[in-house]
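Heads up, the thing below is written out as structure tokens.
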Amino acid sequence: MPKTAKYTLSWSVEYACYQLATRGEADIVPIYINDEQWWYTWLEEHTSFAFNGQNGHLTLLKEAREQRGKSYWYAYQRQGAYTKKRYAGRSRELSIVHLEDIAAHFQSINQRGEAPTQSHIPSIVPPPTENAPPLLLPKIQPPRLATSLVTRTDLLARLDAGLYAKLTMVVAPAGFGKTTLVRQWIAAHSTDTLIAWVALDTHDNDPQRFWRYICAACQTFGISTDFLAVDLSHNMASFPFAAPSLIESVLTPLLNNLTQMKGHGILVLDDYQVIQKPLIQQTLMFLLDYLPSTLHILLLSRSIPSLPLARLRSRGEVYDIGAGDLRFSVAETTDFLRSTSKFLTPEIIERITMRLEGWPAGLCMFALNLPHYQSLEEIERHLNTVSGSDHSWQDYFVREVLETQPKFIQHFLLQTSILDRLTGSLCCALTDNVESTSVLETLFQKNLFLEKVEGEGDWYRYHQLFAEAMRHEASRRLEADAQRELFQRASDWYEQHAMLPEAIEAAFNARQLPRVAQLLSHFTKISTTATTQFDLLKLVQAEYWLSQIPYELFDKYPDLYIAYVTSLAFSHGPDNMTPETLTLADQLLSKVEHIWRTKENYQALGIAFAYHSMISYRQGNLARAVEFARQALNWLSDIWSSQKAICWTIIGICAFQARQFELSRQAHQASCNLWDTQRQLHGVRGNTVLMALACLELGEMQQAAAYLQWALDEANRYDDLNDAALSRLGLAHIYYAWNELDRARQMALAITTILTEQENPEIHIRAELILAKVQCGQSQFSAARQRMGALLARPSSRSSSLLYYEIVFHQARLLYFMNDLYAAQRSLRLLDLVEQPPHLTAESIATDTNSSGLVVYEAAGANQDIDEQRTLLDARLLLAQGNAREACELLMDFFLLALAGRLNRAILEALALFVLALITEHRLQEATKTLHMLLSRTLTENYLRLFLDEGEPMARALRTLLPSIHEKAQRAYLLTILHAFPSSQTAQPEPMTAALLLEPLSSQETRVLRLLVAGRRNLEIARELIVSVNTIRTQVRSIYRKLNVTNRVEASNVAHELQLL
11 MPKTAKYTLS
21 WSVEYACYQL
31 ATRGEADIVP
41 IYINDEQWWY
51 TWLEEHTSFA
61 FNGQNGHLTL
71 LKEAREQRGK
81 SYWYAYQRQG
91 AYTKKRYAGR
101 SRELSIVHLE
111 DIAAHFQSIN
121 QRGEAPTQSH
131 IPSIVPPPTE
141 NAPPLLLPKI
151 QPPRLATSLV
161 TRTDLLARLD
171 AGLYAKLTMV
181 VAPAGFGKTT
191 LVRQWIAAHS
201 TDTLIAWVAL
211 DTHDNDPQRF
221 WRYICAACQT
231 FGISTDFLAV
241 DLSHNMASFP
251 FAAPSLIESV
261 LTPLLNNLTQ
271 MKGHGILVLD
281 DYQVIQKPLI
291 QQTLMFLLDY
301 LPSTLHILLL
311 SRSIPSLPLA
321 RLRSRGEVYD
331 IGAGDLRFSV
341 AETTDFLRST
351 SKFLTPEIIE
361 RITMRLEGWP
371 AGLCMFALNL
381 PHYQSLEEIE
391 RHLNTVSGSD
401 HSWQDYFVRE
411 VLETQPKFIQ
421 HFLLQTSILD
431 RLTGSLCCAL
441 TDNVESTSVL
451 ETLFQKNLFL
461 EKVEGEGDWY
471 RYHQLFAEAM
481 RHEASRRLEA
491 DAQRELFQRA
501 SDWYEQHAML
511 PEAIEAAFNA
521 RQLPRVAQLL
531 SHFTKISTTA
541 TTQFDLLKLV
551 QAEYWLSQIP
561 YELFDKYPDL
571 YIAYVTSLAF
581 SHGPDNMTPE
591 TLTLADQLLS
601 KVEHIWRTKE
611 NYQALGIAFA
621 YHSMISYRQG
631 NLARAVEFAR
641 QALNWLSDIW
651 SSQKAICWTI
661 IGICAFQARQ
671 FELSRQAHQA
681 SCNLWDTQRQ
691 LHGVRGNTVL
701 MALACLELGE
711 MQQAAAYLQW
721 ALDEANRYDD
731 LNDAALSRLG
741 LAHIYYAWNE
751 LDRARQMALA
761 ITTILTEQEN
771 PEIHIRAELI
781 LAKVQCGQSQ
791 FSAARQRMGA
801 LLARPSSRSS
811 SLLYYEIVFH
821 QARLLYFMND
831 LYAAQRSLRL
841 LDLVEQPPHL
851 TAESIATDTN
861 SSGLVVYEAA
871 GANQDIDEQR
881 TLLDARLLLA
891 QGNAREACEL
901 LMDFFLLALA
911 GRLNRAILEA
921 LALFVLALIT
931 EHRLQEATKT
941 LHMLLSRTLT
951 ENYLRLFLDE
961 GEPMARALRT
971 LLPSIHEKAQ
981 RAYLLTILHA
991 FPSSQTAQPE
1001 PMTAALLLEP
1011 LSSQETRVLR
1021 LLVAGRRNLE
1031 IARELIVSVN
1041 TIRTQVRSIY
1051 RKLNVTNRVE
1061 ASNVAHELQL
1071 L
């Protein structure tokens, strides 16, 4: 027989399972009693193991019989100087129950005769008397320490801190690792502290038995317990008035002996929740009151003990550690699971911790199967299927918790397990137990996996896995009709207390679909007029219920059609509705519209049309969407502000796509107003972004920047990454137009940082386009070309034909600005191969003005914008090829629109190119007129890149036309533009002459100008030219007018620029 077995099968009190460990290896594989097939297979493959069961220790060896060719198991146990042997049976007979029976047999022999020889067992055991049975020695031995433990440093430090008090109480439900933690802690103190351990059970409610075990355990402190030789049974005869006798005969001598002990000791009382007798609580308090300073008591319990501790607490002599402290943190879960699987990620470990609520026993059971999974996906599937109804969890909760309770508590737990939250009156409605409030408080005190819910009122909740296990057990023990009645009672209570979502859920579980429909109708009538986002979110919860209700009930409660459409639209976001979902929503709306037309309920019909507008827009039928929106606005009263806001948003977006930017801005402004009255900041913020986009197209960059900065601040405040990205995208465009290239770059880079390409590929790609433009504007042409090439290679770039068309066009535009005309033309030819989305005509857009609130982002009008940009790029190429006349003809339509007062970004760009074309054609007066028009439109908005992007030709043209710009503000603005050009484009401007003046100076005015520039005063000039001073004053005013200046300094500068001297 080997001295030390390689394998050891042990019973774990804390986790209520058998653990098979291999010597020298940290991993423990728990084996459950019901997993017999695996166990029998293991026995066939091995020849020896050690068994540390609930009834004692054994060593098992398999011995062969040559005559029969078979092997049999034998059990051995050393008792004193002898080794006892017993036949155990064949492998198929060696169940764990059978092993426990053998251990119990050896234990009975041991108790009748020989004492064990382990050094940590007291050498003197309180002798049995006639009325006192012998003690079970394993109860006063610390349990074995598991081989694979997480070192819980913080908790061990807290246990150390508790030593300064008389009593430390570790109170938590089953499976929270109380015993394991304390066993680990005392192992660290084994060299400097004496440990006495008592594992209590229900039989220890006998005061005589309780104190005999305490005294026996305390012998490890080296004290005498001779006083126990006297039969104590007569002291118990007068219970419950026997405390003085017990104190005199047991506690007083025990305390006296403890006072004389050498060194420090810790007395551990495990499973104290089984002690209920008041006499034991009273005598234990006597022990605590007079406890020597050299002794500390550590009490482990599943429930809060019934000890009068107020006095001790007031003195700081009680230290508490509760379930919240014992829950595993994410870091501890990581340590615990580290060796079980190489596929675990921080995210999945956090999910495991949250699902199991840090419950140590739950983590242990969850870890059993982890080594069998070969990928993260398999682990995630396992986690998603974890339920308290699984056999292992179910067996643990039923055996360790449920069946240890009185019958009426068991019934209460099963009946109330259907509730997500519990309160006294609700439980009373289910159980008819008028003492339900007291029962809940008792369960909470007993730590039966019941926790208080923070907030108003006395609400509780069960641990999620425990509740699932109890529900499963209730489905086994309770009849189906009884379960439905419980849900019906719960639904009635919820309805009476205005908790409609909960009432609906309970009625649904009671299989009462007509009642579900009735409650949902009432619920949706409240929610559709509600003004808070929370109410809308509750309505979204109804999607599953609504999907299960037959349409016959919908016809009885037509509001349900709208509720269903709303839940479909907002459960995943209007942007993410699948074609199938859109089709279903369209069908539902058509049905309810028919019902309400028949009833001539136009207010309700307006609600349906508002949602139909949104659905039609998502289906791509924009004209139909606008038609629904216009009609809905005619029918809806002001109380339906949300629905009206949706209509105005649809009108605003469609107007944008039809290039009706002023109408779009007005519509989104009205939508903002409607959302603002409801305090719906999400709606206000989204429409503000859309309003800013309209302002950008109108060329009103200052206003657009103000809108976008507000939207960005609000989006950051509420962590709305999508709105924040949209706001940054708009601001990046504005900063680029203002030639603030570093700020534009920062905004675009922020988008690519906070929003991944997978989350929103369109915004991400448009941010990359801005970065390429910035690089081109900073003459980083190679980097810009590389960025565009990488962008075209991305799969997401081909996610839509419009997006790909836009990227290819921007590539052609950048190639032109890089002076690679051939490559630019090649990219333009590629555009002809890309299919474009259909255009939206202006005739299909309403002429009304107000607002909307469907917060979505579209590349609204992107296809029309690219068409305009394509025309402008064609004009640039014509100019570069020397075809200025054709370019003028191509740009004439834009010029006529500008004359008619219609302006947008494309028209402003066209006017800039028109100036270039007219200069090339030497049509200076027309060029000057066009430049005046352009400057008057761009002056207040500080456009710079509009001119700078056209490069050296634009710099020469503006320098040529500078003398013809007489209006002071325009001239200053033009000089700012010229100074912004790179020095290489303005260092050697073409010489300018007096011919550029619209009205030339006379010879006399030229002579006067020379004298003015020389610094002569009017009187000196008059004397030199022999004229009157008044004549000189008149001629000076004429010079100022022709030069468009107001003083001598400005006149001198212009005279030098035009070489008039």
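Here our numbering is used: the first residue of the sequence shown is 11, the next is one more, and so on. Here a beta-carbon is modelled for each residue, glycine too, at the ideal position from N, C-alpha and C.
Apart from the five residues just before and just after residue i, which ones in its own chain have a Cβ nearer than 7 Å to its Cβ?
| i | result |
| --- | --- |
| L926 | L889, E960, P963, M964, A967 |
| L1053 | A1061, V1064 |
| S446 | G434, C437, C438 |
| V1059 | none |
| C705 | R675, Q713, A714, Y717 |
| Y174 | none |
In the DSSP output, which residue or residues are listed as bridge partners for residue i?
| i | result |
| --- | --- |
| R96 | A85 |
| E461 | R471 |
| S58 | L71 |
| W720 | None, per the DSSP bridge assignment. |
| V694 | In DSSP, V694 forms no bridge with anything. |
| H306 | I276 |
| L432 | Y470 |
| G66 | G63 |
| K80 | R75 |
| S311 | V181 |
Would you call residue i buried or exposed, if buried means 16 or more other Cβ atoms sit within 10 Å of its Cβ?
| i | result |
| --- | --- |
| M587 | buried |
| S577 | buried |
| T18 | buried |
| W906 | Checking the displayed sequence, the identity of residue 906 turns out to be Leu instead of Trp. Answer is exposed; the Cβ neighbour count stays below 16. |
| Y92 | exposed |
| H56 | exposed |
| M364 | exposed |
| K188 | buried |
| H1066 | exposed |
| R409 | exposed |
| G892 | exposed |
| D430 | exposed |
Can you list, in chain order, the residues of its chain with a C-beta nearer than 8 Å to that of residue i? Leave out the 5 residues immediately preceding and following it.
| i | result |
| --- | --- |
| A198 | L166 |
| L923 | L882, A885, R886, L889, A897, L901, E960 |
| V284 | L210, D211, T212, D214, N215 |
| I855 | At I855, the pLDDT of 37 sits below 50, so the modelled position is not reliable and the matter cannot be decided from this model. |
| R33 | T14, A15, K16, Y17, T18 |
| E73 | S81, Y82, W83, Y84 |
Please list, in chain order, all residues of the same chain as residue i whose beta carbon is under 6 Å from its beta carbon, the five residues on each side excluded.
| i | result |
| --- | --- |
| Y867 | Residue confidence for Y867 is low, a pLDDT of 34 falling below 50, so the modelled location carries little weight; the figure read from the coordinates is stated next. So the list reads L736, once near-sequence residues are dropped. |
| Y612 | W645 |
| A822 | A834, S837, L838 |
Could I get the ranges of all uninterrupted beta strand (DSSP E) runs contained in the stretch 163-247, with 3 residues as the minimum, in chain order?
Runs of the beta strand (DSSP E) lying entirely within the stretch 163-247, each at least 3 residues long, are 177-181, 204-209 in chain order.
At least 3 beta-carbon pairs within less than 8 Å: the stretch 469-483 vs the stretch 395-413
Yes: at least three Cβ pairs fall under 8 Å.
For the structure I just gave you, are there three or more beta carbon pairs, one from the stretch 376-395 and one from the stretch 414-421, closer than 8 Å?
They do not touch, by the three-pair rule.
What are the uninterrupted segments assigned as beta strand (DSSP E) that are 3 or more residues long and contained completely in the stretch 322-405, given in chain order?
328-331, all fully within the stretch 322-405.
Alpha helix (DSSP H) runs wholly inside the stretch 945-979, at least 4 long, in chain order:
Complete alpha helix (DSSP H) runs here, min 4: 955-958, 962-971.
Per the contact definition of three or more C-beta pairs closer than 8 Å, is the stretch 797-804 in contact with the stretch 755-765?
Touching, no.
Pairing CB atoms from the stretch 937-957 with CB atoms from the stretch 707-716, are three or more of them under 8 Å?
At 8 Å Cβ cutoff, the stretches touch.
Would you call the stretch 646-660 and the stretch 677-691 touching, i.e. three or more CB-CB distances under 8 Å?
At 8 Å Cβ cutoff, the stretches touch.
Give a yes or no on contact between the stretch 718-731 and the stretch 970-990, applying the rule of three or more CB pairs nearer than 8 Å.
These segments do not touch.
Is it true that the stretch 307-320 meets the stretch 339-353, where meeting means three or more beta-carbon pairs spaced less than 8 Å apart?
With the cut-off at 8 Å, the stretch 307-320 and the stretch 339-353 do not touch.
At which residue ranges does the stretch 585-620 contain complete beta strand (DSSP E) runs of 3 or more residues, listed in the order of the chain?
None, since the stretch 585-620 contains no complete beta strand (DSSP E) of that length.
Taking only runs of the alpha helix (DSSP H) that begin and end inside the stretch 700-784, which ones reach a length of at least 4 residues, in chain order?
Every unbroken stretch of the alpha helix (DSSP H) spanning 4 or more residues and falling wholly within the stretch 700-784 is given here in chain order: 711-727, 731-747, 751-764.
Flag this pair as touching only if the stretch 317-325 and the stretch 456-475 have three or more C-beta atom pairs under 8 Å; answer yes or no.
Judged by Cβ distances under 8 Å, the stretch 317-325 makes no contact with the stretch 456-475, as fewer than three pairs qualify.
Does the stretch 559-579 come into contact with the stretch 613-624, if we say contact requires no fewer than three beta-carbon pairs (one atom in each stretch) closer than 8 Å?
With the cut-off at 8 Å, the stretch 559-579 and the stretch 613-624 touch.
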